[in-house]
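Chemist: Below: one structure in structure tokens.
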Amino acid sequence: MTTLKAKLHDDLTAAIKARDELRSSTLRLTLSAIAYEETAGKSARELSDDEVLKVIAREAKKRREAAEAFDTGGRPEQAERERAEGELLAAYLPKQLSDEELTAIVADAVAVAKAGGAEGPKAMGAVMKIVKPKVDGLAEGSRVANEVKRLLAG
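Dropping the structure here:
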């Protein structure tokens, strides 16, 4: 078992013993998503810590989107629970890049792409190819894409 997955199991056990319903239900759902990912495909396999992090990030993103949907639908109490679950999952993720850090990385990539002959909005793919490995797991894809579009347009 990977170290991150083992930590999730240990935290789940502690949450159950402490009768922390929010934490235990959130960790159960996350471990279920990890187990599903491990059995998806033609053969079962053990996920690495990086793959487990991607599953946790995906689950956290689902919580953020659900919170927005509940706010729009006029269900603030359910939105608050989704936000709390998202914050709980965010504790397992690496610290996200600030807007300034992301802008600096994207600006460097835009400069490299322009030096390579890529110009304007058509350079999006070339810039994303440079940026993606640098920010993988440290910034959400839509945030990165929006920043790339903004710098290419400006």
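Residue numbers for the sequence shown follow numbering that gives the first Met the number 0, so the first one is 0 and each next one is one higher. Note that CB positions come from ideal geometry on N, CA and C, so glycine has one too.
1. Does DSSP put A39 in a helix, in a strand, or in coil?
2. Tell me, to the nearest whole angstrom, how far the beta carbon of V54 is from that of E81; I am working on the premise that it is less than 8 Å.
3. Taking 8 Å as the limit between beta carbons, can you name the residues of its chain near L21, skipping five residues before and five after?
4. Between the C-alpha atoms of A144 and L3, what's the straight-line distance to the nearest angstrom?
5. Under a three-way DSSP split, which group does D135 fall into?
6. Considering just the uninterrupted stretch of the alpha helix (DSSP H) at P75, what are its terminal residues?
7. Does the distance from the C-beta atom of L101 to that of A138 stay below 8 Å?
8. If you follow the alpha helix (DSSP H) that D98 is part of, which residue opens it and which one closes it?
9. Reducing DSSP to helix, strand and coil, say where L92 ends up.
10. Does the Cβ of T71 have 16 or more other Cβ atoms within 10 Å, making it buried, or fewer, making it exposed?
11. Rounding to the nearest angstrom, what Cα-Cα distance links S23 and T29 in this structure?
Modeler: Looking at the atomic coordinates:
1. Three-state DSSP puts A39 in coil, outside helix and strand.
2. Their Cβ separation, rounded to whole angstroms, is 18 Å, which puts V54 and E81 out of contact at 8 Å.
3. A distance below 8 Å between beta-carbons, with the five flanking residues on each side excluded, links L21 to the following residues of its chain, in chain order: R80, A83, E84 and L87.
4. Taken atom to atom, the span from the alpha-carbon of A144 to that of L3 is near 28 Å.
5. In this structure, D135 counts as coil in the three-state DSSP scheme.
6. First-last of the alpha helix (DSSP H) with P75: P75 to A89.
7. In this structure, L101 places its C-beta atom within 8 Å of the C-beta atom of A138.
8. Per DSSP, the continuous alpha helix (DSSP H) segment holding D98 begins and ends at D98 to A114.
9. In the structure shown, L92 sits in coil (DSSP, three-state: anything other than H, G, I, E or B).
10. Under a 10 Å Cβ-count criterion, T71 is classified as exposed, with fewer than 16 other Cβ atoms of the shown protein chains found around its own Cβ.
11. Each residue's Cα considered, the two are about 10 Å apart.
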